[in-house]
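See below for the structure under consideration.
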Amino acid sequence: MLEIRIHGRGGQGAQVGCQILAGAFFKTGRWVQAFAAYGGERRGAPVTAYLRVDERPIRVRSDIERPHHIIVLDATLLDDSSIVASLRPGGWLFVNAPLPGVPPWNSVRVVTVDATAIALRRGLSPVVSTTMLGAFAGASGLVPLEKLVEAVREGSPARAEENIAACVEAYWACAGLEAIGA
Amino acid sequence: MSTTAEPEAELFCPGHASCPGCAVALAVRFVLKGLGPRTVLVIPPSCIAVMAGPLPLSSMQVPVFQTAFETTAAAAAGLARAFRARGEEVTVACLAGDGGTHDIGLQALSGAAERDEDFIYVCFDNEAYQNTGNQKSSATPWGAWTSSTPRGKPTRKKDIVEIMAAHRIPYAATACPAYPADLLAKIERARTLGGTRFLHVLCPCVPGWGIADDASLRVARLAVESRLFPLYEVRDGLRYTITHEPVGVPVKEYLSAQARYRHLTDEAIRQIQEDVDQGWARLVGRARALPPRAFA
Amino acid sequence: MLTQVATRHTRILLTGDHAVAYAALRARPHLIPVYPITPQTPVLEKLLELQELGELTADIMTVESEHSAMAACIAASLAGARVFTATASQGLALMHEMLHYAAGGRAPVVLVNVNRTLASPWGFWADQTDSLAQRDTGWIQLYCESAQEALDSVLQAFRVAEALLVPAMVVIEALYVSHTLEPVEIPDPELVDEFLPPYEPPVRLDPATPRGFGGTTAPVQWRANRLALKAAMELALDAVEEAGRRYGELTERAYSSVETYRAEDAELVIVTAGGIAGTAREAVDQLRGQGIPVGLVKLRLFRPFPSARVAGLLAGVGKVAVIDRNCSVGSGGIFCQEVRAALHAHRVTGPQVFSFIAGLGGVNVSADRVMEICRSALNAVSAPPDPILEERL
Ligand code: SF4
Chain G
8 MLEIRIHGRG
18 GQGAQVGCQI
28 LAGAFFKTGR
38 WVQAFAAYGG
48 ERRGAPVTAY
58 LRVDERPIRV
68 RSDIERPHHI
78 IVLDATLLDD
88 SSIVASLRPG
98 GWLFVNAPLP
108 GVPPWNSVRV
118 VTVDATAIAL
128 RRGLSPVVST
138 TMLGAFAGAS
148 GLVPLEKLVE
158 AVREGSPARA
168 EENIAACVEA
178 YWACAGLEAI
188 GA
Chain B
2 MSTTAEPEAE
12 LFCPGHASCP
22 GCAVALAVRF
32 VLKGLGPRTV
42 LVIPPSCIAV
52 MAGPLPLSSM
62 QVPVFQTAFE
72 TTAAAAAGLA
82 RAFRARGEEV
92 TVACLAGDGG
102 THDIGLQALS
112 GAAERDEDFI
122 YVCFDNEAYQ
132 NTGNQKSSAT
142 PWGAWTSSTP
152 RGKPTRKKDI
162 VEIMAAHRIP
172 YAATACPAYP
182 ADLLAKIERA
192 RTLGGTRFLH
202 VLCPCVPGWG
212 IADDASLRVA
222 RLAVESRLFP
232 LYEVRDGLRY
242 TITHEPVGVP
252 VKEYLSAQAR
262 YRHLTDEAIR
272 QIQEDVDQGW
282 ARLVGRARAL
292 PPRAFA
Chain C
54 MLTQVATRHT
64 RILLTGDHAV
74 AYAALRARPH
84 LIPVYPITPQ
94 TPVLEKLLEL
104 QELGELTADI
114 MTVESEHSAM
124 AACIAASLAG
134 ARVFTATASQ
144 GLALMHEMLH
154 YAAGGRAPVV
164 LVNVNRTLAS
174 PWGFWADQTD
184 SLAQRDTGWI
194 QLYCESAQEA
204 LDSVLQAFRV
214 AEALLVPAMV
224 VIEALYVSHT
234 LEPVEIPDPE
244 LVDEFLPPYE
254 PPVRLDPATP
264 RGFGGTTAPV
274 QWRANRLALK
284 AAMELALDAV
294 EEAGRRYGEL
304 TERAYSSVET
314 YRAEDAELVI
324 VTAGGIAGTA
334 REAVDQLRGQ
344 GIPVGLVKLR
354 LFRPFPSARV
364 AGLLAGVGKV
374 AVIDRNCSVG
384 SGGIFCQEVR
394 AALHAHRVTG
404 PQVFSFIAGL
414 GGVNVSADRV
424 MEICRSALNA
434 VSAPPDPILE
444 ERL
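Protein chains in written order, with the working numbering: chain G, 8 to 189; chain B, 2 to 297; chain C, 54 to 446.
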C-alpha cells in the first residue's frame, strides 16, 4: 500500500488535489482512499489530506501517520518539524518552493518546484495543488501523466484547462528529475 | 359578510370527552363541517386531542394523526407533501390549542409558513394550558389569573395573527364559534387558497375562565362585540378586512363575566379598555389602508 | 470517473456521504425532509444536485430543524410515503423525542446518522455516542465500515424497515467514512427495484378509511403496542439476515448482522463496529503474520442486538477485546456492555472480556494502536472490571 499526505493551507486546493490524485490512481485500476480533515476551509488555515493507493481493497480507516510521500503546498508549513519527521525512510518530500536549493533532511529526498510561479502564470493562484500533482507524477513516475490530466479535467471545480496546463508544465519540469538529497 | 349554508354532514361525533358547554368542541364541530370529508387532521396534545378520543375510539369521521406537541405544522407539512407525492387530493388541517401554537409549536409553524406549506392551521385559543389545569401560555392576556399566574399575568398576550401575517401567508383570519356563519365562510375561503392558511379561533373555556356551563358563547360574543377580539382576515399579510362590525360594548362587561379577572382593579380595567381601543383603531387603519382585492 | 464494470452496476469514486445520497436515489423515496449539519451536509448537497439533474424525483423538504424533519418523516410515512432523512450528532439528539414517536407509531423511516461528537464542547469528529444513546428508541441500527457498506445498508434498511414497520438507522463514521473518497459500486435502478418493492403499508392515513393514529391509550393498550413493537423488532434479526443474503444474490455483496474475520482458532477476538472494524482487519492480518492468532467479530447490527449470535461466536474464545469509540459516562463502552450482557444471558463464561475505549472525539485509531490493544489484552493475566483507556496503553 502506498500512503501519501498532502499539506496545504485553506484555498490552495489540498483536499480537491488529493481527490484528483486519487482519481488518477483509480484510473490505473488501483484501489484508492482519500480524505481530508474538514472544517479547515478557512483561507490560510493548515489543511491535511490523506491518500492511500493499493492493488486490493483498502480496509484501514485512520490518519496516515507514516507516509511514503509528502506533498507540501506551502513551505512555511515545514516550520512544523513533525511533518518531515513522519516521512518513512526513503520517502520523498515534494515542496512548493522557488529554489531548487532546499537543504536535504537526513534520508529525505526533496523535490522542489516553484508551483506558485507556475500557478500565477496560469491565473490559478492561490490554487497550487494541481501544479504540485504534476511535479509529483513527473518525479515519482507513480502515475501516468495522461491519467492525471484526465483526473484534473474531471476534478477541477473551475479552470480545467489552466489546471491541466500548470500540471503538465510541472510534470515536465520534474520528469525524471533526480531528487536532491540522499 | 358572506353567508354560507351550513354543511349538513357532521364529521365530529357526539359523545366525546369535552367539558359540558365547551366552546372548543363547538368550534371543532363547525371547522370539520367546513373542511369536509377529504381531510386528514393533525392534532397535538390539547383538549382537542382528548375530544378526538382515546384509542381505539375516534370521535372524528376523518383520519386523525396525533403528533408530538411541538410538531403540528411540521407533521402537517410532511403529510401534505406525502399526499402530493402520491398524487392524492387531500386537505391537511391542524387543530391545535394556543399552547401548541403560540408556545411550543411556534418554531415549526413559522418554518412551515415561511416555506408556504400547504395546509390549514386552526388554533383554538382558550388562553391557557386548560388541558393540564389552566397554566398560563403566551396567549394568556395581561392580568388573567391562571394556576401559574396567581397574581394575574404580568405580560401581554402574544399576537399570533400578526406573527402569521408577517410571514405573508396567503390567508390569516380570526374567528369565533359564536359567529358560526363567519367561521364557516373563513374555512371556505381558506379552502379555495393554497399554501399556509391560518385561523385563530377564540374559545372561552368553562373551568379555566371561570364561567357558567351555558356562558361560553355569551362571553365569546362579548369578546367580539367589545372589540377585544375583532373578527377580521388578512390576505397575503397585507390586506385587512373586518368581517363583522362590533357594537363596541365596554370591555368591563366582558371581563366581569369571568372569574379569572375577578381581582382586577378599576384602573386595570381602564388600562385594558385603552389597550382594546388602540388595537381597534390600528386594525381599522389597516383595513382602510389597503382595500382587499376581490376573492377569486 | 465512470467505469462500467458490469451491466448491473456502475463503479465510481464516492465519499460515504455521497454514497448514501446515491442509495437514497436508488430507493426512490417520495419525500426527504432534511436539515443540514456537519458532517452530513454532503448528503443533502448531493441529493439536491441529483434532483437538479432530474435523476432524483423525490420532494426534498428543507425544514427548519431536525426535530421537524423527523416529525414530517413520521407523518408522511404514515400516509404511505417512502421517506428518507440524514443527520448527525446534535441533530440526532434533537430528534430524540421523535425517534421514539416513529418507532411507537410504526413509521418505517430510514435515517442515516453520521457519528459525530456531541457538544459541549463542540467537536466535529467521529464518536459513536450520538447514535448509541438512541439505543432505547425502538430503531433498528446498522453500523457501517465503508461507503459501499453504507450504500448497500441503506437499501437493505428500507427493505427490512418497511416489511416490519420498524424505523431503521444506518450509521457511518464522521470523516473516516462520511468524507472518505473510495471506489463504490452503485447498483442499477432495475436491480434495486428487484430488491426493494414499493412501500404500501397495510393501514395508513387515508380519508377513504378514517382512522385515528397516535391517540391516548389505557395502560393495557400502551403495553400491547409496545409488545407488538418488541415482537417486530425481534423479527428484524432474521429479516436483516434475509435482506443481506438476498442483496448478495443480486450484487455479489452479501451481508449479515455480525461478521467475522479470521476468527477461527483465535486466542483473542476483537469486537468492534464501524470504521474501526476496517482498521482492525488490517491489524488482524499483521498480527497473524507475526504468528499471533487474533480475529475480528464486527457488529453490524446493534438493534436488535444479535445476542445469541455474538455469544455463540465468542463461546470458545479465550480473550475478547471490545473496542468502543464511545463512552457512557459512569458506565463505560456501550458495545462492551452489550457483549458482556449477551455472554452472561447465554451463560458463556469462558471468555475474558477486555473493554477498551479508543478514539473518543475522533482521535486517530491506527492499525498499530489496534495491535497494541491486542497485545496488552494478550499479555494481561485477567480482564479488569473497568474500561481500559487506549491512550494510557
Ligand atoms: S378545559 Fe376548557 S377547553 Fe378544555 S374541554 Fe373543558 S371547557 Fe373545553
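We put the beta carbon where it would ideally sit given N, CA and C, even for glycine. Predicted model, so just to flag it, every value in this text is computed and none were measured.
Can you give me the Cβ contacts of residue 401 of chain C inside the same chain, cut-off strictly under 6 Å, excluding the 5 residues immediately before and after it? What you label residue 401 of chain C is simply residue 348 of the third sequence in a count that begins at 1. 364 and 368, listed in sequence order.
7 Å is my cut-off, CB to CB: does residue 61 of chain G come that close to chain C? To locate residue 61 of chain G, count along the first sequence from 1; it is residue 54. Cβ-Cβ to chain C under 7 Å: no for residue 61 of chain G.
Listed by chain order, chain B residues near residue 274 of chain C by CB distance under 9 Å: Locating residue 274 of chain C in the third sequence gives position 221, counting from the first residue. Simply 55, 56 and 57.
Which first and last residues belong to the alpha helix (DSSP H) in which residue 254 of chain B is found? For this step, residue 254 of chain B is matched to residue 253 along the second sequence. Unbroken alpha helix (DSSP H) run through residue 254 of chain B: 252 to 257.
For the stretch 257 to 273 of chain C against the stretch 90 to 103 of chain C, do three or more pairs of beta-carbon atoms, one drawn from each stretch, fall closer than 8 Å, so that the two count as touching? no
Give a yes or no on whether 7 Å exceeds the smallest Cβ distance from residue 168 of chain C to chain G. Here residue 168 of chain C corresponds to residue number 115 of the third sequence, with the count starting at 1. No, because no Cβ of chain G sits closer than 7 Å to the Cβ of residue 168 of chain C.
Residue 188 of chain B bridges to which residues according to DSSP? Against the second sequence, residue 188 of chain B aligns to sequence position 187. For residue 188 of chain B, which the question treats as bridged, DSSP gives no partner whatsoever.
Whether or not the stretch 108 to 117 of chain C and the stretch 155 to 164 of chain C are in contact is what I'm after, with contact meaning three or more pairs of Cβ atoms, one per stretch, closer than 8 Å; do they touch? no
When the cut-off is 7 Å and only beta carbons count, does residue 74 of chain C lie next to chain G? Along the third sequence, read from residue 1 onward, the residue named residue 74 of chain C stands at position 21. For residue 74 of chain C, the answer is no, since every Cβ of chain G falls outside 7 Å of its Cβ.
With DSSP as the reference, label residue 193 of chain B as helix, strand or coil. For this step, residue 193 of chain B is matched to residue 192 along the second sequence. Helix, per DSSP.
Tell me which residue opens and which closes the beta strand (DSSP E) that residue 220 of chain B is part of. The count along the second sequence starts at 1 and reaches residue 220 of chain B at position 219. From DSSP, residue 220 of chain B is part of no beta strand (DSSP E) but of the alpha helix (DSSP H) over 217 to 226.
Assigned exposure category for residue 297 of chain B - 16 Cβ within 10 Å defines buried: For this step, residue 297 of chain B is matched to residue 296 along the second sequence. The predicted model places residue 297 of chain B with a pLDDT of 44, which falls under 50 and marks its position as unreliable, so this point remains unresolved.
Assign residue 254 of chain B to one of two classes, buried (16 or more other C-beta atoms within 10 Å of its C-beta) or exposed (fewer than that). Reading the second sequence from its first residue, position 253 is the one you call residue 254 of chain B. Per the 10 Å Cβ criterion, exposed.
Would you mind reading off the limits of the beta strand (DSSP E) that contains residue 130 of chain B? Residue numbering aside, residue 130 of chain B sits at position 129 when the second sequence is read from its first letter. Premise fails: residue 130 of chain B is in no beta strand (DSSP E) and is neither H nor E.
So, with DSSP's three-state summary, where would you put residue 372 of chain C? The residue given as residue 372 of chain C occupies position 319 in the third sequence. Three-state result, residue 372 of chain C: strand.
Determine the direct distance from the alpha carbon of residue 18 of chain G to that of residue 354 of chain C, and round the result to whole angstroms. Here residue 354 of chain C is taken as the residue at index 301 of the third sequence, counted from 1. Here residue 18 of chain G is taken as the residue at index 11 of the first sequence, counted from 1. So the two alpha carbons sit approximately 40 Å from each other.
Residue span of the beta strand (DSSP E) that contains residue 149 of chain C, given as start and end: As a working note, residue 149 of chain C is residue 96 in the third sequence. No beta strand (DSSP E) contains residue 149 of chain C, which is instead part of the alpha helix (DSSP H) from 142 to 157.
Determine whether the Cβ of residue 359 of chain C lies closer than 7 Å to any Cβ atom of chain B. One-based indexing of the third sequence puts residue 359 of chain C at position 306. Chain B contact via Cβ: absent.
Going by beta carbon distance, what residues of the same chain come within less than 6 Å of residue 391 of chain C, once the five residues before and after it are set aside? Taking the third sequence and counting its residues from 1, the one referred to as residue 391 of chain C is at position 338. Cβ neighbours of residue 391 of chain C beyond the five flanking positions: 358.
Residue 25 of chain B Cβ short of 6 Å to the ligand SF4 heavy atom set: One-based indexing of the second sequence puts residue 25 of chain B at position 24. Yes, the ligand SF4 has a heavy atom inside 6 Å of this Cβ.
Spatially closest choice to residue 125 of chain B from B:268, B:135 and B:202, by CA coordinates: In the second sequence, counting from the first residue as 1, residue 125 of chain B sits at position 124. Considering only alpha carbons, the answer is B:202.
My output table needs one value for residue 272 of chain B: the three-state DSSP class, helix, strand or coil. The residue labelled residue 272 of chain B in the question sits at position 271 within the second sequence. Of the three classes helix, strand and coil, the one that applies to residue 272 of chain B here is helix, per DSSP.
By DSSP, does residue 379 of chain C sit in helix, in strand, or in coil? Start at 1 with the first residue of the third sequence, and residue 379 of chain C comes out as number 326. In the structure shown, residue 379 of chain C sits in coil (DSSP, three-state: anything other than H, G, I, E or B).
If I follow the unbroken alpha helix (DSSP H) through residue 159 of chain B, where does it start and stop? One-based indexing of the second sequence puts residue 159 of chain B at position 158. Neither: residue 159 of chain B is in no alpha helix (DSSP H) and is coded neither H nor E.
Assess contact between the stretch 189 to 206 of chain B and the stretch 106 to 126 of chain B, defined as three or more Cβ pairs (one per stretch) separated by less than 8 Å. Is contact present? yes
Would you grab the beta carbon distance between residue 362 of chain C and residue 311 of chain C for me? Rounded to a whole angstrom, and I think it's under 8 Å. For the purposes of this step, residue 362 of chain C is identified with residue 309 of the third sequence, where counting begins at 1. For the purposes of this step, residue 311 of chain C is identified with residue 258 of the third sequence, where counting begins at 1. Right, their Cβ atoms sit about 5 Å apart.
Determine the DSSP secondary structure at residue 91 of chain B, reduced to helix, strand or coil. Counting from one through the second sequence, the residue named residue 91 of chain B turns up at place 90. The answer is coil: DSSP assigns residue 91 of chain B none of H, G, I, E or B.
According to DSSP, simplified to helix, strand and coil, what is residue 137 of chain B? Residue 137 of chain B sits at position 136 when you count from the first residue of the second sequence. Coil, per DSSP.
Flag this pair as yes or no: are the beta carbons of residue 322 of chain C and residue 370 of chain C separated by less than 7 Å? Position 269 of the third sequence, counted from the start, is the residue given in the question as residue 322 of chain C. Position 317 of the third sequence, counted from the start, is the residue given in the question as residue 370 of chain C. Yes, the Cβ-Cβ distance between residue 322 of chain C and residue 370 of chain C is below 7 Å.
Whole angstroms is fine: what's the gap from residue 188 of chain C's alpha carbon to residue 356 of chain C's? Translated into positions along the third sequence, residue 188 of chain C becomes position 135. Translated into positions along the third sequence, residue 356 of chain C becomes position 303. Approximately 7 Å, taken between the alpha carbons.
Check: residue 237 of chain C C-beta below 6 Å from any heavy atom of the ligand SF4: The residue given as residue 237 of chain C occupies position 184 in the third sequence. No, since every heavy atom of the ligand SF4 falls outside the 6 Å radius drawn around the Cβ of residue 237 of chain C.
Limits of the alpha helix (DSSP H) - the one that residue 246 of chain C falls within: Your numbering for residue 246 of chain C matches position 193 in the third sequence. Element bounds for residue 246 of chain C: 242 to 248.
Would you check whether the ligand SF4 has a heavy atom nearer than 6 Å to the C-beta of residue 19 of chain B? Position 18 of the second sequence, counting from 1, holds the residue named residue 19 of chain B. Within the cutoff, so yes.
What's the C-alpha gap between residue 109 of chain B and residue 43 of chain B? Translated into positions along the second sequence, residue 109 of chain B becomes position 108. Translated into positions along the second sequence, residue 43 of chain B becomes position 42. C-alpha separation (whole angstroms): 13 Å.
Test item: CB-CB of residue 333 of chain C and residue 198 of chain C under 7 Å: Start at 1 with the first residue of the third sequence, and residue 333 of chain C comes out as number 280. Start at 1 with the first residue of the third sequence, and residue 198 of chain C comes out as number 145. For residue 333 of chain C and residue 198 of chain C, no; Cβs fall outside 7 Å.
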